[in-house]
Amino acid sequence: MSVYAYVVAGALLLLGAIGIARSRDLVHAVVCLSISQSGTYVLLLAIGYQDGAPAPVFGSTSAPTTRVVDPVVQALTLTDIVVSATVTALLLALSIQIQKRHGTVDPDELSALEG
Amino acid sequence: MPWEGTASSFAPVAIGVPLLVACLLAALGKLLPRWAVDAVATVAVVGVVALDVVLLRATRAGRVVTWVGAWTPSRGSSVGISLVADRLGAGLALLAGVLVLAALVYSWRYFEDVGAHYQVLILLFLAGMTGFVLSGDVFDMFVFFELMGAVAYALTGFLVEDDTAVQGALNFAIINSLGAYFTLTGIGILYARYGALGLPQLGEALAGQPPDALLVIAFCLVCVGFLVKAAVVPFHFWTADAEAVAPTPVCLLFSGVMVALGVYGVDRVYSTVFGEVLPHDAVRRALLVLGALTALVGALMCFLQRHLKRLLAYSTIAHVGLFLAAAGTLDGPGTTGAAVYVLGHAGIKGALFLIAGTVLSRYGSVDEVSLHGRGRDARVMPWLAVVAGLALAGLPPFGTGLGKAISEEALSASGFRWGPVLFVLVSALTGAAVLRAAGRIYFGLGPKPQDDDQDEASGDEQDRETPALPRVRATMLLPIAALLIGALAIGAVPAVARGVSSAAREFLDGQGYVQQALHGAAAEPPAPLTEAAWTATGVALDVLSVLLAAGLAALALWKAQLPDRLRTVTRPMRSAVAALRRAHSGHVGDYVAWLLLGIAAFTALVGVPMI
């Protein structure tokens, strides 16, 4: 796998984080968090990828000795996606509740927790 | 083979039982009356506590290794996933179980009207914590870390009608999730290079490798999530926001055990995987710097608070700094001191949070200024609060005092002369803050302060979590008393510290961990340390902290009566203090910026000395 995928993974992770730091809207911040997490998907898949290797499914046509892409990282990525869905849903629900209670989703205007 | 036999089924059952009961309650909770839900949840937690006790007894003969699905290693290599319970891990699982039990019992009468999802979340939280400490696989640690996290966010925002609760939960969730993604990136790097995720497999693969930049980066990234969970400066900002707004019984769990698990995660991964590769000196320096900084920032912020739950949250940050400094010595005495301190602190801080809960439910506020003298009618609670405040400062023979004494001596013995000074100062400041608040609320001491400071978070906006209570219920008093007695027993019963010291030496033996888990080598139970006991110096330093705490509390209570000349001395400090306060802005973007800065600083601390 070329170095390109790793650069994309690192960039997504950091750009997502910077996006949250600069965010003026909580929904935007939640999406940025998902972008950050996509960096980990790309990283994991890049680790397991092999040029020209098929998917890790063994049947009558493929011998058990065939070179395949690594199924472990794919399982990790799936777990990661489940985590992401849970956290994103929870965060969006909290954002809606913040809008209801505070009348804004701009972090600059939320000041109940200073000091 | 040591990974066969009955003992090896305790660990998965201890994780599975709360998960299973939580699912059952989630499905059937609507049909059951409240008392039945409480009863089922409590019985399940008692069962987990019993399993943890049995597991802890079984670990006396060595680590209990379970290869899930019987994927046992052949000739020292394995594609299986392991659960490895050593004494420290099983002890922490037991601590988590006991604290969850205390929180549940307190909640019986504390929450008048709560759906079954509260008990469901508490049970899931227990499963996450138990899994995290018993796991022998770095990806499983991440999964349990995330389970713990997701449940903790939901519990923080549990009172969704409260303005501050939703904001605190959101800050907590974003920072913790982001930290977890950096951890996952580190895990990915490790897997890419060594093709393994199990702690024993990784430990064996890394042993004897030369340290290089990628390994340093992997270690630091894996630690990020754990450091966030541990509330280490500058990853700590979520803590005060979350603990100020979470329901009080939940704060007991966050403060008593969850933050300590962060320190555990760093130490576990270092001792099993990186211990043979990364030089001790570089890692020790990084952990000591972060620990000392965390302790000082936490103690100072704690002393400045008037919102009781924020005060206790910052005090937790201060104590986590002390745990990290003690465990950061990476030797037996330091780890023993940290572990005893964690146990004692869990009892004391848990009791203090529950006392703050009774204040909130009786008087409708957690602001020590506006509650001045309001608690004069209480009879038992004032004295419990004073005892807990003194114990927080290190009053012998409480477990906090013993943990502090052992840690101080460990740091001095390793050549860090500033160690005892830091411990005395930080524990005195946090104890003083609690004594000051108790003096104001329960005894009406000192003049009522002018209510002019607009910057501070006051505790008046805090919504009641329950209807006003005419008196404190017995089921609320019982956990408070039990936690205090537990903290007393940890310091007063010599066998506890002895047991912890041999657990700590076993914990640090990364090679033994690998050999036993992968090769089925016989365990060599380490002898307890002789240092793990009270000494004259330790008692003297503890008494010094307690006196200093009482003095500082008195100074804070009666500062208005001080002569003007003395008060001007403190003026130059005020701008520094104001800047520190402003840094704790409650703004999630700022917190992320601090997180990125913290990652860079930690990596530099570990990596630069190795160049």
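Note that the protein sequences, when read in sequence, are chains G and X. In terms of the numbering used here, the first sequence opens at residue 1404 and continues consecutively. In terms of the numbering used here, the second sequence opens at residue 6 and continues consecutively. Heads up, the beta-carbon is just placed ideally off N, CA and C, and yes, glycines get one too.
In the DSSP assignment, X/G203 forms a beta bridge with X/D142. Among the residues facing chain X, G/P1510 is included, as its CB has a counterpart in that chain under 7 Å away. Between the alpha carbons of X/P499 and X/Y275 lies a distance of about 29 Å. Among the residues facing chain G, X/A537 is not included, as its CB has no counterpart in that chain under 7 Å away. Residues of chain G whose Cβ lies closer than 7 Å to the Cβ of X/E151 are, in chain order, V1486.
DSSP links X/A90 through a beta bridge to X/V69. Closer than 7 Å to the CB of G/T1480 there is not a single CB belonging to chain X.
Note on G/Q1453: under 16 other CB atoms within 10 angstroms of its CB, so exposed under the neighbour-count rule. Nearest CB-CB separation between G/Q1500 and chain X: below the 7 Å threshold. Counting along the chain, G/A1424 sits inside the alpha helix (DSSP H) bounded by residues 1406-1424.
In its chain, beyond the 5 residues on either side, R1427 have a beta carbon closer than 7 Å to the beta carbon of G/D1511. Counting only residues of its own chain and dropping the five nearest sequence neighbours on each side, X/F187 has a CB closer than 8 Å to the CB of L226, V229, G230, I604. Taking a C-beta cut-off of 8 Å against chain G, none of the residues of the stretch 274-306 of chain X qualify. Taking 7 Å as the cut-off between beta carbons, the residues of the stretch 579-604 of chain X near chain G are R586, H589, S590, G591, H592, V593, G594, V597, A598, L601, in sequence order. Residue range 12-33 is occupied by the alpha helix (DSSP H) that includes X/I20. When C-alpha distances from X/A565 are compared across X/L585, X/P454, X/R290, X/G193, the shortest belongs to X/P454. Counting C-beta pairs closer than 8 Å gives fewer than three between the stretch 279-290 of chain X and the stretch 388-400 of chain X, which falls short of the contact rule.
Its chain contains V238 as the residues whose beta carbon lies nearer than 6 Å to that of X/L298, once the 5 sequence neighbours on both sides are disregarded; these appear in chain order.
At least 7 Å separates the CB of G/S1405 from every CB of chain X.
Within the stretch 503-529 of chain X, the complete alpha helix (DSSP H) runs of at least 4 residues fall at 515-524. Of X/L301, X/G352, X/M386, the smallest CA-CA separation from X/W423 is found for X/L301. For X/F358, the enclosing alpha helix (DSSP H) has its first and last residue at 337-368. Less than 7 Å separates the beta-carbon of X/A509 from that of X/A344. Identification of residues in the stretch 122-145 of chain X having a C-beta nearer than 9 Å to some C-beta of chain G yields F144, given in sequence order. DSSP links X/S432 through a beta bridge to no other residue.
According to DSSP, X/S417 shares a beta bridge with no other residue. Nearest Cα to X/A236 within the set X/F224, X/V221, X/S260: X/S260.
Secondary structure note for X/G267: its alpha helix (DSSP H) is the uninterrupted segment 264-274.
Taken through DSSP and simplified to helix, strand or coil, X/H312 comes out as strand. G/D1428 is not bridged by DSSP to any residue.
Counting C-beta pairs with one atom in each stretch, the stretch 551-564 of chain X and the stretch 309-317 of chain X have fewer than three that are closer than 8 Å, which means they do not touch. Under a criterion of Cβ atoms nearer than 9 Å, the residues of chain X adjacent to G/V1476 are, in order, G193, Y196, A197.
Under a 10 Å Cβ-count criterion, X/G352 is classified as buried, with 16 or more other Cβ atoms of the shown protein chains found around its own Cβ. Under the Cβ criterion of 7 Å, X/L567 is not counted among the residues facing chain G. With its beta carbon at least 7 Å from every one in chain X, G/R1470 lies outside the interface. Contact between the stretch 394-407 of chain X and the stretch 366-374 of chain X is absent: fewer than three C-beta pairs spanning the two stretches fall below 8 Å.
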